[in-house]
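S.K.: Sequential numbering of the sequence shown, starting at 23, is according to the working numbering.
Built from N, CA and C at the ideal position, the CB exists for glycine as well.
One structure is given below, represented as structure tokens, and several questions about it will come after.
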Amino acid sequence: MTRVLIVGGGFVGRAIAGALERAGGEPVLACRNRPARCPRVRAPAGQTKPVAMDTAWQVRQDAADVARWVRLDATDAAGCAEVVHEVKPDAVIAVHGPSDVTWCQRHPQAALEAHLTATDNLVRATGTARLLMISTDNVFDGVAELNDEESPTAPANAYGRAKLAAETVVHSHPDATVLRVSLVYGPQTPTPGKRPNFAASCARDLRAGRAVHAPADQWTTPVHVGDVATVALAAVREAPRLLHLGGPERLSRADWARRLADLTKAPRTLVTDVARDAGPYACRPANSCLTSRLLPDLLHTWGLSVRGVDEGAADLLEDCIRHAATMGGVDGSTPHGGDRPDHRRRDTGGLHPADPA
């Protein structure tokens, strides 16, 4: 499998493209607007360290990894068919939005229609080519501390309902896998209209001496974006119809923020515990946590591992240092760990906001 069409040019889509490029494959990113440059991420032991990737048609002399990019609105059926016909991919990975949980909660019908329409278009256009869809832990209500592939679904919010409906459409494809992932983190450059993921925002704020307000009653199993990318590329070759990917640790956002304070050598007193219901995480399930009955054996077969948050956070510190250097020693990240929701339009491969935090 060499050519993969990746629908969605956001944080996860770009990471998958970079991982495929390093593996010698040919990623083609498809989304409404030209994606931003991919962040550098520390590769797991034994893998070549990635470099920056500029997702443009031209090869930049200062960027060794370059992904092809095609413009696509995934809610346009004719557009999806045309892109698949032109690209002729060996497989398709769907990472399209809208995935801003708060936006979806405020626009539940629009979120549902966007996910259903885009997913149905991709299933029809893909034909018999292999299909992988990235889904979410929000398909569960958050009552149980952990959910595996056999746990009954009960979406906690509009985003989870839209994704679960899209999963049903994907399962009508003859050769498809749904990969549900937990909260994704890693280096992420702030861009206008988009806020970095929770961990990246926290690390920058803490290193700059700014306070972070984080829920003490919202639990996650964070997974590094680099691990999402490598597992997705392994799963798109062959995997069960449904697979869960979460990090090896279950911890609250507040506890995670304190771990990041230790990493950045910031005082833990900068981290203030808040209630989930008091801020932008009110519509998230209390437990956004995934475990898997199937993944451990698959990781062994694939020769992969999923790193814990301390190992994964090493990238965040390097990213903070690089970002501060480019800003002349001033870190320009969003106060309060990126907790302020940003509902401006974002690139999703569709029509609505994306980029969950």
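Could you spell out the range, first to last residue, of the beta strand (DSSP E) harbouring PRO49?
M.R.: Taking the first residue of the sequence shown as position 1, residue 49 is located at position 27. DSSP places PRO49 in the uninterrupted beta strand (DSSP E) bounded by 48-53.
S.K.: How is the alpha helix (DSSP H) around THR323 delimited, first residue to last?
M.R.: If you number the sequence shown from 1, residue 323 lands on position 301. THR323 -> alpha helix (DSSP H) spans 317-324.
S.K.: Anyone know if the C-beta pair for HIS266 and THR190 falls short of 8 angstroms?
M.R.: Translated into the one-based positions of the sequence shown, residue 266 becomes position 244. Translated into the one-based positions of the sequence shown, residue 190 becomes position 168. Cβ distance not < 8 angstroms, so HIS266 and THR190 don't count as in contact.
S.K.: Suppose you measure from the CA of SER173 to the CA of PRO218; what does that come to, to the nearest Å?
M.R.: The residue labelled residue 173 in the question sits at position 151 within the sequence shown. The residue labelled residue 218 in the question sits at position 196 within the sequence shown. Approximately 30 angstroms between the Cα atoms of the pair.
S.K.: Just curious, the alpha helix (DSSP H) that LEU264 is in, first and last residue?
M.R.: Translated into the one-based positions of the sequence shown, residue 264 becomes position 242. Segment 264-267 is the beta strand (DSSP E) holding LEU264; no alpha helix (DSSP H) there.
S.K.: If you reduce the DSSP assignment to three classes, tell me which class TYR207 lands in.
M.R.: As a working mapping, residue 207 is identified with position 185 in the sequence shown. TYR207 falls in the strand class under three-state DSSP.
S.K.: Determine the burial state of ARG2: buried for a count of at least 16 other Cβ atoms within 10 Å of its Cβ, exposed for fewer.
M.R.: In the structure displayed, the chain extends from 23 to 379; residue 2 sits before or after that span and is not available.
S.K.: What is the rounded straight-line gap between the Cα of THR286 and the Cα of LEU292?
M.R.: The count along the sequence shown starts at 1 and reaches residue 286 at position 264. The count along the sequence shown starts at 1 and reaches residue 292 at position 270. One C-alpha to the other measures close to 12 angstroms.
S.K.: Distance cutoff 8 angstroms, beta carbons only. Does ASN55 sit that close to anything in chain C?
M.R.: Looking at the structure shown, chain C is missing, and only one protein chain is on hand.
S.K.: Helix, strand or coil for LYS185? Go by DSSP, reduced to three states.
M.R.: Within the sequence shown, the letter at position 163 stands for residue 185. In the structure shown, the three-state DSSP call for LYS185 is helix.
S.K.: Report the residue from ALA300, LYS110, LEU153, ASP249 whose alpha carbon sits nearest the alpha carbon of GLY269.
M.R.: In the sequence shown, residue 269 corresponds to position 247, counting from 1. The shortest C-alpha separation from GLY269 is found at ASP249.
S.K.: What does a CB cutoff of less than 6 angstroms around PRO130 pick up in its chain, not counting 5 residues either side in sequence?
M.R.: Taking the first residue of the sequence shown as position 1, residue 130 is located at position 108. Within the same chain, PRO130 has close Cβ partners ALA180.
S.K.: Report the rounded CA-to-CA distance for GLU135 versus THR97, giving the unit in angstroms.
M.R.: On the sequence shown, position 113 is the one that residue 135 refers to. On the sequence shown, position 75 is the one that residue 97 refers to. Each residue's alpha carbon lies about 9 angstroms from the other.
S.K.: Which whole-angstrom value describes the C-beta separation of LEU326 and THR242, a residue pair presumed to lie in contact below a C-beta threshold of 8 angstroms?
M.R.: By 1-based counting over the sequence shown, the position of residue 326 is 304. By 1-based counting over the sequence shown, the position of residue 242 is 220. With 8 angstroms as the limit, LEU326 and THR242 do not qualify as a contact, their Cβ atoms being about 21 angstroms apart.
S.K.: Out of curiosity, what's the CA-to-CA distance linking LEU282 and VAL206?
M.R.: Counting from one through the sequence shown, the residue named residue 282 turns up at place 260. Counting from one through the sequence shown, the residue named residue 206 turns up at place 184. A direct Cα-to-Cα measurement between LEU282 and VAL206 gives close to 15 angstroms.
S.K.: Just to confirm my understanding: we take ALA297, look at its own chain, exclude 5 residues before and 5 after, and list those with CB closer than 7 angstroms. What are they?
M.R.: Position 275 of the sequence shown, counting from 1, holds the residue named residue 297. Cβ within range, chain order: PRO237, ASP239.
S.K.: Could you check how far apart the C-beta atoms of VAL117 and GLY32 are, in whole angstroms? I think they sit under 8 angstroms.
M.R.: Taking the sequence shown and counting its residues from 1, the one referred to as residue 117 is at position 95. Taking the sequence shown and counting its residues from 1, the one referred to as residue 32 is at position 10. Between GLY32 and VAL117 the Cβ distance is about 7 angstroms, and since that is below 8 angstroms, they are a contact.
S.K.: Mapping the DSSP letters down to three states, classify ALA41 as helix, strand or coil.
M.R.: The count along the sequence shown starts at 1 and reaches residue 41 at position 19. In the structure shown, ALA41 sits in a helix (DSSP, three-state: H, G or I).
S.K.: Are the CB atoms of THR141 and ALA22 within a distance shorter than 8 angstroms?
M.R.: Coverage of the chain is limited to positions 23 through 379, which leaves residue 22 absent and any answer about it impossible.
S.K.: Could you pull out every residue in the same chain whose Cβ sits closer than 8 angstroms to the Cβ of SER194, ignoring the five residues on either side in sequence?
M.R.: As a working mapping, residue 194 is identified with position 172 in the sequence shown. Exclusion of the five residues before and after SER194 leaves VAL145 as the residues of its chain whose Cβ lies within less than 8 angstroms of its Cβ.
S.K.: List the whole-angstrom C-beta distance separating ASN160 from VAL192, where the pair is believed to meet the contact cut-off of C-beta under 8 angstroms.
M.R.: Here residue 160 is taken as the residue at index 138 of the sequence shown, counted from 1. Here residue 192 is taken as the residue at index 170 of the sequence shown, counted from 1. That pair is no contact at about 16 angstroms.
S.K.: Please return the same chain residues whose Cβ sits closer than 7 angstroms to the Cβ of ALA184, not counting the five positions on each side in sequence.
M.R.: Position 162 of the sequence shown, counted from the start, is the residue given in the question as residue 184. Answer for ALA184: CYS126, ALA133, LEU134, HIS137, listed in chain order.
S.K.: Go ahead and pull the three-state DSSP assignment for ARG36.
M.R.: The sequence position of residue 36 within the sequence shown is 14, counting from 1. Here ARG36 sits in helix by DSSP.
S.K.: Using a 10 Å radius around the Cβ and a threshold of 16 neighbouring Cβ atoms, would you call ASN309 buried or exposed?
M.R.: In the sequence shown, counting from the first residue as 1, residue 309 sits at position 287. Counting the other CB atoms within 10 Å of its CB gives ASN309 a total of 16 or more, which places it among the buried residues.
S.K.: Work out the CA separation of ALA45 and ARG25 for me, nearest whole Å.
M.R.: For the purposes of this step, residue 25 is taken as the residue at position 3 of the sequence shown. For the purposes of this step, residue 45 is taken as the residue at position 23 of the sequence shown. Distance between the alpha carbons of ARG25 and ALA45 is about 11 angstroms.
S.K.: In the DSSP assignment, find the beta strand (DSSP E) that holds ASP295 and state where it starts and stops.
M.R.: Translated into the one-based positions of the sequence shown, residue 295 becomes position 273. Its beta strand (DSSP E) spans residues 293-296.
S.K.: In chain order, what residues of the same chain have a beta carbon less than 8 angstroms from the beta carbon of ARG306, not counting five sequence neighbours either side?
M.R.: Start at 1 with the first residue of the sequence shown, and residue 306 comes out as number 284. Answer for ARG306: VAL123, ASN160, GLY164, ALA178, ASN179, GLN240, ARG298, listed in chain order.
S.K.: Have a look at CYS102 and THR175 and give me their C-alpha separation to the nearest angstrom.
M.R.: Here residue 102 refers to the residue found at position 80 when the sequence shown is read from its first residue. Here residue 175 refers to the residue found at position 153 when the sequence shown is read from its first residue. Each residue's alpha carbon lies about 29 angstroms from the other.
S.K.: Taking the Cβ atom as the reference point for each residue, do ASP388 and ALA151 lie within a distance shorter than 8 angstroms?
M.R.: Only positions 23 to 379 of the chain appear in this structure, which leaves residue 388 out of reach.
S.K.: Return the CA-CA distance between PHE162 and LEU264, expressed in angstroms with no decimal places.
M.R.: Within the sequence shown, residue 162 is the residue found at index 140, counting from 1. Within the sequence shown, residue 264 is the residue found at index 242, counting from 1. Each residue's alpha carbon lies about 15 angstroms from the other.
S.K.: Do GLY119 and GLY182 have their CB atoms nearer than 8 angstroms?
M.R.: The residue given as residue 119 occupies position 97 in the sequence shown. The residue given as residue 182 occupies position 160 in the sequence shown. Taking 8 angstroms as the Cβ cut-off, GLY119 and GLY182 do not qualify as a contacting pair.
S.K.: According to the neighbour-count rule (16 or more other Cβ atoms, all chains shown, within 10 Å of its Cβ), is ASP284 buried or exposed?
M.R.: Taking the sequence shown and counting its residues from 1, the one referred to as residue 284 is at position 262. Burial is judged here by how many other beta carbons sit within 10 angstroms of a residue's own beta carbon; ASP284 has fewer than 16 and is exposed.
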